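Just below is one structure, and these are the notes that go with it.
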Amino acid sequence: MKNMILTSSLYESMGIVKKFLNEKTESKKILFIPTATNVDEYKKYIHLTQKVFEDFGYEVENFDISVFSEETVKEKISETKIIFVSGGNTFYLLQELKKKNLISYLREKIENGLLYIGESAGSVITAPNIGYADIVDDKALATELNDYTGLNLVDFYVVPHFEEEPFVESSRKVVELYKDKLDLKVINNKEVVLVENDDFRIRKK
């Protein structure tokens, strides 16, 4: 059973997220992956995101996959029922996931019940390929990444932060360039894509 929540901004869409979580799991523990922010200058939203989870009664464990061994990361994920992957640089995030051999591992876990919450970059990586994100994110920050194949958990491509500052121009460019080439799912900061097995729906706050 695959259950995923794909967001632009977790703290702006937490009401929808909490309702979906309540429907799908009784767990109140979240493995919080902030890795994508390692190469970002602006990190304030990470604290806002963690706090909103805690305010809604969740126990959050901050776990940066880039600083642990592959064995440790996989063991931690295997013990987890809910995983949250934050925003940041999509290419750097994918690089770190691949360095720990987590692509097929994560996909298998999610397809077998691990509830996945993505935010921005964490949503984009669920696509078949993240190459379209280079309009928004600097792929040069992922110096060891040569293959942009994503988690391939969905057959569409999330465009987060549509018409939201400071991504107004870049998100418009993504849509204009790829609207006839890729199956885009465009969401603003208050919208989420809810995925259940092979079905999905976009919910507004």
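Residue numbers are given in the numbering used here: position 185 of the sequence shown equals residue 248, and the series is strictly consecutive. Note that beta-carbon positions come from the ideal geometry of N, C-alpha and C, so glycine has one too. Please read all numbers here as calculations on a predicted model, not as lab measurements.
Close beta carbons around residue i, own chain, < 7 Å, minus the five adjacent residues each side
i	result
G213	L157, I188, T189, A190, P191, N192, I193
K163	I128, E133, V136
F116	I93, V123
T88	K144, I145, L178
K172	I140
K106	T100
E174	K65
Residues near residue i by beta carbon distance below 8 Å, same chain, minus five either side
i	result
I96	F126, D127, I128, I146, F147, V148, S149, G185
R170	L214, N215, L216
D246	D218, F219, Y220
Q113	F95, V123, N125
R264	V256, L257
S233	I198, V199
Environment of residue i [buried if 16+ CB atoms lie within 10 Å]
i	result
Y195	buried
V221	buried
M64	exposed
V256	buried
S141	exposed
E75	buried
S167	exposed
E104	exposed
L73	buried
E207	exposed
L165	buried
For residue i, the three-state DSSP class (helix, strand or coil)
i	result
I193	coil
G150	coil
E254	strand
K248	strand
T98	helix
M64	coil
T135	helix
F263	strand
K91	coil
Beta-carbon proximity list for residue i, same chain, < 6 Å, skipping 5 on both sides
i	result
V102	N152, Y155, L204
Y121	K91, I93
Alpha helix (DSSP H) runs wholly inside the stretch 106 to 132, at least 4 long, in chain order: 107 to 118
May I ask you to verify whether the stretch 198 to 213 touches the stretch 246 to 254, counting CB pairs closer than 8 Å and requiring at least 3? no
If contact is defined by three or more beta carbon pairs under 8 Å, each pair taking one atom from either stretch, is the stretch 75 to 90 in contact with the stretch 176 to 183? yes
Would you call the stretch 219 to 228 and the stretch 236 to 243 in contact, with 3 or more CB pairs under 8 Å? yes
Along the chain, which unbroken stretches of the alpha helix (DSSP H) at least 4 residues long are found entirely within the stretch 163 to 221? 166 to 174, 184 to 187
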